[in-house]
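Trainee: Below is a structure I'd like to ask you about.
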Amino acid sequence: MAQKAYTKSFLQDDPADDPGLICDVAKMVPEMWYNRNHHITVVIIIIIIIIITGIIVTTHHPPHHHARFKVKTTVIGQACQARAKTNSLLADVVQLTSAMEDAAKAAADGVIDSLRQLLNALAVLVPGKVGIEVAKDAVDARSLPALGKALKRLWFDIALQPSQDWCEEKQAIWLGQLLLIGAGSREGLLSFFAAALLMCNSLMCFAKVLYPHVGMDPDEAWCESLAAVQTAVERDFQPELSRLPADHLGGSKRDALVSTNRLPALFRRMFDLEGHKLTPAQKGGLAVALVLPGTGIITAGGIGTALLLRKARQASRPEDEDPVERLFQRCQAEARAAIRRKENPVEVTYLPGSYGGGPGKLKICVHVRESLVPFGAVPLGNLGSDGVSAALVELGETCQLRPKGDSNSLVLRVYRPALINEELLAVEIARGDKVVVVPGPNGIVKCYTRQTRPKAQPPEVSEEASGPVSLT
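Okay, so the sequence shown: first residue is 90 according to this note's numbering, each after it adds one.
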């Protein structure tokens, strides 16, 4: 305490004012230096002991905390390297996938263009309007289902002579395979690879019948070209084409500004619009629907309902049943119905009557009796889903109508062409009947039918009065 007091006085007071204080301080300096050196020595000894202890501990016990830190650093480094390698592999996979997709699309373009040219070569062999229209359809086609529809139309509109190799049963098998292309694409069951093989087989089988029909031998160059396409599909591009859907749009042809090909693929599948050409009225309706508010919601609701129905059908199917085989059976049943429609057309002739006059043109519509709504009154054309066949006939002309549907009970309607067609006559007929329409007095028309195929209860030849008939 005395030392602290002297030190405090020494720091606060002036030494010149107290001579005795100088002497006391002089005596305390050696003692202070001794105490200071003693403390420094103790501190140095403690530090040396700590260092020696650390060396001993380090020698006998490895630094686990350093080891853990080193291991953690190593793991983090390895994880970063693995992540970098993974990103590099993902980038390579993306590039490889993109390259494979480009290769698949290029191969699909070549296949579609080749098959389109081969079908065009077959269509130009058929004389008349049918060959020209099918050739145009083949040129405008951009998918395999569209090519299948064009080939079906070529078969449907020409009268092939039956033979041993082209009997009704073999036609049903061939047509079932052709219809499987469109049905499989709508159901999402077929790939582009499978659809291309079916299309090649259908073309080859049909060519063997068409060339003799037009009085020519099979063209070897045409057959070799088709065989080359089939070999390329089956041997060279099978992995690539198997990744594409059957209704993949390809080829060098470009779509029009308003075309069904510009619609989403799901929309085309739901309404079977592959290869369908829009009439001017349908183009106007589609353009209005694209800009009219609310049409998108209605369309989405319709597509959703169709998807739910498809899902319900798939859920009710047995697990051990092959969906493609079941679909092929449905296509064969549809093919047999199409053969009956082709072989039993309704022939309608518009002749001038004894009264004279009458409309210059008539619109004739034939549909299955069980159809819910006949659309012949509205001149929008046929979307291929309502089963109505229609034609405009002038005086002296004859047309053949083959309405869709399995039933043989049909309804023939006669309209006066207008913005909203005026119905003049409605009469029940059957498939294969020949109908003569003649104008009557006061702007009415009369209809005479003749049955050409025997039925269980053949109706009598009748003359129908003007005006719509009550159908019960």
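Glycine included, every Cβ here is placed at the ideal spot set by N, Cα and C.
To which residues of the same chain is A224 closer than 7 Å at the C-beta, ignoring the five residues directly before and after it?
Mentor: The answer, listed in chain order, is N209, A212 and V213.
Trainee: What is the residue span of the alpha helix (DSSP H) that K276 lies within?
Mentor: Note that residue 276 is Glu in the sequence shown here, rather than Lys. E257 to E276 is the span of the alpha helix (DSSP H), which, as asked, contains E276.
Trainee: Can you tell me where the beta strand (DSSP E) with K493 in it begins and where it stops?
Mentor: Looking at the DSSP string, K493 is not in any beta strand (DSSP E), and its letter there is neither H nor E.
Trainee: Do you know how far the Cα of V219 is from the Cα of V482?
Mentor: Cα to Cα, the separation comes out at about 17 Å.
Trainee: In this structure, how does DSSP classify I129 when only helix, strand and coil are distinguished?
Mentor: Note: I129 maps to helix in three-state DSSP.
Trainee: In chain order, what residues of the same chain have a beta carbon less than 7 Å from the beta carbon of D495, not counting five sequence neighbours either side?
Mentor: Closer than 7 Å at the Cβ level, and outside the excluded window around D495, lie A426.
Trainee: Using the Cβ count rule (16 or more neighbours within 10 Å means buried), how would you classify R172?
Mentor: With fewer than 16 Cβ atoms within 10 Å of its Cβ, R172 is classed as exposed.
Trainee: For F282 and Q319, which I take to be in contact (beta-carbon distance under 8 Å), what is that distance rounded to the nearest angstrom?
Mentor: In fact, because the Cβ distance is near 11 Å, the residues do not count as touching under 8 Å.
Trainee: CB P307 to CB G271, shorter than 8 Å?
Mentor: The answer is no: Cβ separation not under 8 Å.
Trainee: Can you tell me which of the three DSSP states G473 falls into?
Mentor: Legend: pLDDT at G473 = 45, less than 50; position of this residue unreliable, value from coordinates given subsequently. Here G473 sits in coil by DSSP.
Trainee: Does the Cβ of T538 have 16 or more other Cβ atoms within 10 Å, making it buried, or fewer, making it exposed?
Mentor: Buried: at least 16 other Cβ atoms inside 10 Å.
Trainee: Taking the Cβ atom as the reference point for each residue, do A424 and G237 lie within a distance shorter than 8 Å?
Mentor: For A424 and G237, no; Cβs fall outside 8 Å.
Trainee: Applying the criterion that 16 or more other CB atoms from any shown protein chain within 10 Å of the CB defines a buried residue, is I139 buried or exposed?
Mentor: The residue in question, I139, is exposed, as its Cβ has fewer than 16 Cβ neighbours within 10 Å.
Trainee: Taking Cβ positions, are L440 and V503 nearer each other than 8 Å?
Mentor: Going by C-beta atoms, L440 is not nearer than 8 Å to V503.
Trainee: Secondary structure at V215, three-state DSSP: helix, strand or coil?
Mentor: Reduced to three states, the DSSP call for V215 is coil.
Trainee: Measuring alpha carbon to alpha carbon, tell me which of G446, W244 and E432 ends up nearest L292.
Mentor: Looking at the Cα atoms, W244 is the closest of the given residues.
Trainee: In the DSSP assignment, find the alpha helix (DSSP H) that holds L330 and state where it starts and stops.
Mentor: L330 -> alpha helix (DSSP H) spans Q327 to L330.
Trainee: Please report the distance separating the alpha-carbon of R242 from that of D226.
Mentor: Cα to Cα, R242 sits roughly 10 Å from D226.
Trainee: Looking at L513: is its Cβ nearer than 8 Å to the Cβ of V534?
Mentor: Taking 8 Å as the Cβ cut-off, L513 and V534 qualify as a contacting pair.
Trainee: Buried or exposed, going by whether 16 or more other CB atoms sit within 10 Å of the CB of I141?
Mentor: Exposed, because fewer than 16 other Cβ atoms sit within 10 Å of the Cβ of I141.
Trainee: Answer with buried or exposed for C169, where buried requires no fewer than 16 other C-beta atoms within 10 angstroms of its C-beta.
Mentor: Exposed.
Trainee: As a quick exercise: from R275, A261, G277 and G340, pick the residue whose alpha carbon is nearest that of R430.
Mentor: Checking every option, the nearest Cα to that of R430 belongs to A261.
Trainee: Where DSSP assigns a beta bridge to K431, which residues make up the other side?
Mentor: Beta-bridge pairing links K431 to no other residue.
Trainee: Out of S232, P251 and G442, point me to the one whose CA is closest to R275's CA.
Mentor: For the residues S232, P251 and G442, the minimum Cα distance to R275 belongs to S232.
Trainee: Beta strand (DSSP E) containing H456: first to last residue?
Mentor: Counting along the chain, the beta strand (DSSP E) containing H456 begins and ends at K450 to V457.
Trainee: Answer with buried or exposed for G273, where buried requires no fewer than 16 other C-beta atoms within 10 angstroms of its C-beta.
Mentor: With 16 or more other Cβ atoms within 10 Å, it is buried.
Trainee: S341 and D198 look like a contact to me (Cβ under 8 Å); what is the Cβ gap, rounded to whole Å?
Mentor: Contact holds; Cβ gap of about 7 Å.
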